[in-house]
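K.L.:
Take a look at the following structure, please.
Numbering (the working numbering), first residue to last: 32 to 153.
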């Protein structure tokens with residue numbers, strides 16, 4: 032798939048994930064894995080921070096005219112991330128009571144926002 036500039040969507044995604052990774056590391060996150068993928072879904076970054084295993088979704092928008100990046104993490108996307116996170120825990124033989132949370136890194140030109148505990152799965 033290619034974007035408007037002719038660059039592949041995956042290449043652009045990788046670029047923004049690298050930016051998000053640096054931002055998170057500056058905030059003390061330890062990045063454990065990038066682009067975890069399974070049948071259940073994909074997780075952009077998996078990290079450890081403050082005693083939590085953190086599943087991170089990265090969203091980029093060129094401007095707010097495209098909407099806030101956070102808005103792109105809708106309920107459907109949240110369920111896919113949560114299913115992939117459950118599989119990650121199972122695959123890595125981590126206890127079900129492992130403290131976990133879901134963060135979103137919202138990127139826009141020249142700025143970023145880390146939303147800790149952006150959503151909860153009930």
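For each residue, glycine too, the CB sits at the ideal point set by N, CA and C.
May I have the straight-line CA-CA distance separating residue 68 from residue 115, to the nearest angstrom?
P.N.:
Spanning the two alpha carbons is a distance of roughly 7 Å.
K.L.:
Is DSSP giving residue 44 helix, strand or coil here?
P.N.:
Residue state, collapsed to three classes: helix.
K.L.:
In whole angstroms, what separates the C-alpha of residue 71 from that of residue 110?
P.N.:
Computed Cα separation, rounded: 9 Å.
K.L.:
By the three-class DSSP mapping on this structure, what secondary structure does residue 104 have?
P.N.:
It is coil, neither helix nor strand.
K.L.:
Measure the alpha-carbon distance for residue 51 versus residue 136 and round it to whole angstroms.
P.N.:
Using only the alpha carbons, I get a separation of about 6 Å.
K.L.:
Taking residue 79 and residue 61 to be in contact with their CB atoms under 8 Å, please state how far apart those CB atoms are, rounded to whole angstroms.
P.N.:
Confirmed, about 5 Å.
K.L.:
May I have the straight-line CA-CA distance separating residue 92 from residue 98, to the nearest angstrom?
P.N.:
C-alpha separation (whole angstroms): 7 Å.
K.L.:
Between the Cα of residue 144 and those of 126, 151, 121 and 134, spot the shortest distance and give me the residue it belongs to.
P.N.:
Selected option, being the one with the closest Cα: 134.
K.L.:
Of the residues 139, 152 and 129, which one's Cα is nearest the Cα of residue 81?
P.N.:
Closest option to residue 81, Cα to Cα, is 129.
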